[in-house]
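Colleague:
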Ligand code: 4GS
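Residue numbers (this note's numbering): 9 to 243.
If you want it as structure tokens, here you go:
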């Protein structure tokens with residue numbers, strides 16, 4: 009068996025369509041990945057199903073309490089091997105990029121921890137979680153879309169999850185370049201023409217044009233990626 013992903017969330021139903029559709033759905037069917045969802049509330053100990061509380065020191069909002077989160081992770085680790093990497097989704101995490109995705113895809117088990125509305129008791133971060141990941145500098149209402157982003161990016165790297173074309177595109181991203189522009193039929197849409205070079209049949213010129221476009225686009229839109237690429241080639 010390949011990868012196992014456990015998702016801890018207060019809203020497991022958010023993942024229904026995600027786990028059964030498209031590349032992820034097919035990877036699940038092909039048994040390349042097992043995705044298990046666990047409701048954190050199932051580990052609450054009172055009859056109200058309490059999973060959060062007001063912050064010590066005051067202030068707005070609620071904080072996810074340690075007990076159900078620790079017990080959920082401990083339960084999952086008892087239920088199946090290996091212990092896996094426990095990963096919290098939060099804007100305070102290390103920004104996700106393709107090298108990080110490749111590293112996660114090499115694991116046997118990932119435990120993704122999603123908060124909703126509220127923050128986490130800091131002791132979850134310091135004494136339960138192995139790693140904290142952010143999908144970008146913006147605020148979601150819950151970690152669930154971030155867990156889906158991580159899962160999607162990881163699953164498509166599993167051998168057999170996507171076709172050859174998509175795999176090659178992933179490889180081109182390892183050059184830290186954005187994609188070149190693509191066109192398909194018709195050659196003329198409302199007077200908007202496809203660049204002549206792509207219709208020339210000259211594969212050398214086409215490859216050179218695409219490389220140039222990818223470079224221009226990366227320099228203009230993502231100077232940060234471009235700089236890192238330059239630094240790498242200097243080494
Ligand atoms: C992200 C993010 C996020 C933060 C969850 C506020 C609910 C929310 N998680 N990358 N509490 N950006 N999480 O916004 O991962």
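Glycine included, every Cβ here is placed at the ideal spot set by N, Cα and C.
Being a predicted model, the structure only gives us computed values, none of them experimental.
#1: Can you tell which of 209, 65, 71 and 48 has its C-alpha closest to the C-alpha of residue 57?
#2: Roughly how many whole angstroms lie between the Cα atoms of residue 164 and residue 41?
#3: Can you tell which of 174, 34, 130 and 185 has the C-alpha that lies nearest to the C-alpha of residue 234?
#4: Taking residue 168 as the reference, give the member of 120, 13, 76 and 32 with the closest Cα.
#5: Using 7 Å as the cut-off, classify the Cβ of residue 19 as near or not near the heavy atoms of the ligand 4GS, replying yes or no.
#6: If you measure from the CB of residue 154, is any heavy atom of the ligand 4GS nearer than 7 Å?
#7: Could you pull out every unbroken alpha helix (DSSP H) segment of at least 4 residues lying fully inside the segment 111–195, listed in chain order?
#8: So residue 101 is in the beta strand (DSSP E); what residue range does that whole segment cover?
#9: Quick one: does the C-beta of residue 182 sit closer than 7 Å to a heavy atom of the ligand 4GS?
#10: Any idea which residues DSSP pairs residue 42 with across the strands?
#11: Rounded to whole angstroms, what is the Cα-Cα separation between residue 128 and residue 142?
#12: Identify which residue in 200, 189 and 232 has its Cα closest to the Cα of residue 222.
#13: Taking the alpha-carbon of residue 67 as reference, which of 18, 39, 126 and 192 has the nearest alpha-carbon?
#14: Are three or more beta carbon pairs between the segment 195–212 and the segment 143–150 nearer than 8 Å?
#15: Have a look at the DSSP bridge pairing and note the partners of residue 71.
#16: Rank 79, 219, 37 and 172 by C-alpha distance to the C-alpha of residue 50 and give the top, closest one.
#17: For residue 19, which of helix, strand or coil comes out of DSSP?
Modeller: Taking the definition as stated:
#1: Residue mapping note: residue 57 aligns to position 49 of the chain shown, counting from 1. Considering only alpha carbons, the answer is 48.
#2: Reading the chain shown from its first residue, position 156 is the one you call residue 164. Reading the chain shown from its first residue, position 33 is the one you call residue 41. About 10 Å.
#3: Here residue 234 refers to the residue found at position 226 of the chain shown. Minimum Cα-Cα distance from residue 234 among the listed residues 174, 34, 130 and 185 corresponds to 185.
#4: Locating residue 168 in the chain shown gives position 160, counting from the first residue. Residue 32 holds the alpha-carbon nearest to the alpha-carbon of residue 168 among 120, 13, 76 and 32.
#5: Start at 1 with the first residue of the chain shown, and residue 19 comes out as number 11. For residue 19, the Cβ stays outside the 7 Å cut-off from all heavy atoms of the ligand 4GS.
#6: Position 146 of the chain shown, counted from the start, is the residue given in the question as residue 154. Flag set: Cβ of residue 154 near the ligand 4GS.
#7: Counting only runs of 4 or more, we get 130–135, 152–163 and 172–181.
#8: As a working mapping, residue 101 is identified with position 93 in the chain shown. Per DSSP, the continuous beta strand (DSSP E) segment holding residue 101 begins and ends at 93–103.
#9: Locating residue 182 in the chain shown gives position 174, counting from the first residue. Incorrect: residue 182 has no Cβ contact closer than 7 Å to the ligand 4GS.
#10: To locate residue 42, count along the chain shown from 1; it is residue 34. 12.
#11: As a working mapping, residue 128 is identified with position 120 in the chain shown. As a working mapping, residue 142 is identified with position 134 in the chain shown. Put simply, the backbone Cα of residue 128 is about 15 Å away from that of residue 142.
#12: As a working mapping, residue 222 is identified with position 214 in the chain shown. When 200, 189 and 232 are compared, the shortest CA-CA separation from residue 222 is found for 189.
#13: Mapped onto the chain shown, residue 67 falls at position 59. Relative to the Cα of residue 67, the nearest Cα in the group 18, 39, 126 and 192 belongs to 126.
#14: At 8 Å Cβ cutoff, the stretches do not touch.
#15: Locating residue 71 in the chain shown gives position 63, counting from the first residue. The partner list for residue 71 (beta bridge, DSSP) reads 61 and 127.
#16: Position 42 of the chain shown, counted from the start, is the residue given in the question as residue 50. Nearest option by C-alpha distance: 79.
#17: Along the chain shown, read from residue 1 onward, the residue named residue 19 stands at position 11. Residue 19 sits in coil when the DSSP states are folded into three classes, being neither helix nor strand.
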